[in-house]
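Engineer: Before I ask anything, here is the structure I am working with.
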Ligand code: SF4
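In the working numbering, the protein residues as written are 44 to 435.
Okay, here's the thing in structure tokens:
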């Protein structure tokens with residue numbers, strides 16, 4: 044990764060032997076199945092847990108997902124609660140272990156790298172430093188008994204032991220000033236209870252950025268904030284990306300936030316539905332020209348970022364046939380969006396579509412048979428009686 048730090052021996056020195064053609068992160072056919080009820084409860088909303096009694100059965104949270112992320116790339120994972128977006132993010136940075144498939148960091152198997160006994164300890168440590176996370180709830184992420192200086196000193200002590208107390212203090216002061224937390228000297232001595240929600244999230248973000256990671260998983264980082272603060276925090280992340288060249292996996296259930304973040308970073312949006320990526324492409328392409336009927340639904344349900352525009356938003360009829368969601372522990376054969384999809388035909392109940400594009404390129408893909416002009420889908424019978432007007 045690029046860095047503007049001038050006083051440290053950063054871990055880039057360990058990258059010399061790596062193949063620069065490798066993507067920063069590569070997920071290949073990755074699946075994750077949760078057997079532990081606690082993990083199932085974290086991955087799925089209460090409504091699905093109760094309706095399908097998901098506490099007993101193993102549940103597929105991620106199903107055969109492939110994704111490449113390059114240096115300085117921005118990929119926004121968007122979808123409803125339970126779609127697998129956080130599980131995908133956590134698996135990508137090594138917090139969750141795939142049940143099947145492989146995650147590679149710069150060509151190396153991430154799970155192998157993270158094993159304590161890995162032969163190359165420097166490389167192994169570098170992978171841990173290089174992949175960081177910012178959580179949704181900054182209050183839970185910050186120790187209430189530590190000052191800002193103490194909180195921010197921890198990762199520096201861990202990853203840059205050569206820095207003395209003065210170096211650490213100076214680095215923290217500079218970062219606070221760069222991110223608008225001023226007067227920095229005063230903020231350094233504050234405790235979390237003396238910070239606003241937006242300031243806490245900024246400190247949590249700074250803590251991740253201080254170790255100069257290659258990629259940050261920003262997991263619903265603005266969803267707990269007031270609408271007025273969301274843009275500020277997203278702008279901060281984008282500024283830090285400019286400064287440090289950090290790649291981002293930005294997870295959001297909100298398409299409006301996804302559009303803002305991916306659009307400003309010239310990044311991609313990956314739309315997720317029940318453990319699969321169902322559409323992926325450049326942000327504006329996906330939003331202006333959605334190819335998957337589920338993306339249409341998300342677009343229909345999203346509100347403008349500016350609350351003043353909400354009242355002016357006129358809603359057509361929902362583009363979904365029904366709000367019926369599949370049972371994550373017993374997913375249907377075929378396309379998992381079939382029950383709600385106004386375009387579903389017979390083949391959608393028999394075969395599971397893969398991510399494809401009409402022109403065969405990888406730029407903008409959708410997991411829908413309608414992308415393929417010669418597919419048997421077109422000669423099959425619709426499975427629902429009528430389509431809502433909006434999609435006809
Ligand atoms: S494959 Fe069929 S059910 Fe799935 S999104 Fe496309 S048309 Fe709808």
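C-beta: ideal position from N, C-alpha, C; glycine also.
Between residue 425 and the rest of its own chain, which residues show a CB-CB distance below 6 Å, the 5 nearest in sequence each way excluded?
Structural biologist: Once the five neighbours on either side are set aside, the close Cβ partners of residue 425 are 388.
Engineer: Please tell me whether, using a cut-off of 7 Å, the distance from the CB of residue 336 to the nearest non-hydrogen atom of the ligand SF4 is below it.
Structural biologist: Yes, the beta carbon of residue 336 sits closer than 7 Å to at least one heavy atom of the ligand SF4.
Engineer: Nearest to residue 212 by CA position, among 157, 304 and 200, is which residue?
Structural biologist: When each option's Cα is compared against that of residue 212, the closest is 200.
Engineer: Quick check: is any heavy atom of the ligand FMN less than 7 Å from the C-beta of residue 319?
Structural biologist: Absence of the ligand FMN from the depicted structure is noted, with the ligand SF4 being the only ligands included.
Engineer: Over the uninterrupted alpha helix (DSSP H) stretch that includes residue 270, give me the two end residues.
Structural biologist: 270-287 is the span of the alpha helix (DSSP H), which, as asked, contains residue 270.
Engineer: I'd like the span of the beta strand (DSSP E) that includes residue 176, first residue to last.
Structural biologist: Residue 176 -> beta strand (DSSP E) spans 174-177.
Engineer: So what's residue 261 in DSSP terms, helix, strand or just coil?
Structural biologist: In this structure, residue 261 counts as strand in the three-state DSSP scheme.
Engineer: To the nearest angstrom, how far is it from the Cα of residue 109 to the Cα of residue 300?
Structural biologist: Each residue's alpha carbon lies about 24 Å from the other.
Engineer: Which residues have a Cβ closer than 5 Å to any heavy atom of the ligand SF4, listed in chain order?
Structural biologist: Result: 336, 378, 380, 381, 384, 386, 387, 391, 396, 411 and 412.
Engineer: Out of 231, 340, 149 and 157, which one is the CA nearest neighbour of residue 189?
Structural biologist: Nearest C-alpha to residue 189: 231.
Engineer: Answer yes or no: do residue 104 and residue 73 have a C-beta to C-beta separation smaller than 8 Å?
Structural biologist: No, they are not a contact pair.
Engineer: With a threshold of 16 other CB atoms inside 10 Å of the CB of residue 308, please say whether the residue is buried or exposed.
Structural biologist: Per the 10 Å Cβ criterion, buried.
Engineer: Per DSSP, what kind of secondary structure is residue 145 in: helix, strand or coil?
Structural biologist: In the structure shown, residue 145 sits in a strand (DSSP, three-state: E or B).
Engineer: Using only the alpha-carbon positions, how far apart do residue 417 and residue 381 sit?
Structural biologist: So the alpha carbons of these two residues sit roughly 20 Å apart.
Engineer: Pull up the distance between the alpha-carbon of residue 247 and that of residue 153, whole angstroms please.
Structural biologist: Straight-line Cα distance between these residues: approximately 24 Å.
Engineer: Beta-carbon within less than 6 Å of residue 251's beta-carbon, same chain only, minus the 5 sequence neighbours each way: which residues are those?
Structural biologist: Closer than 6 Å at the Cβ level, and outside the excluded window around residue 251, lie 175, 177 and 259.
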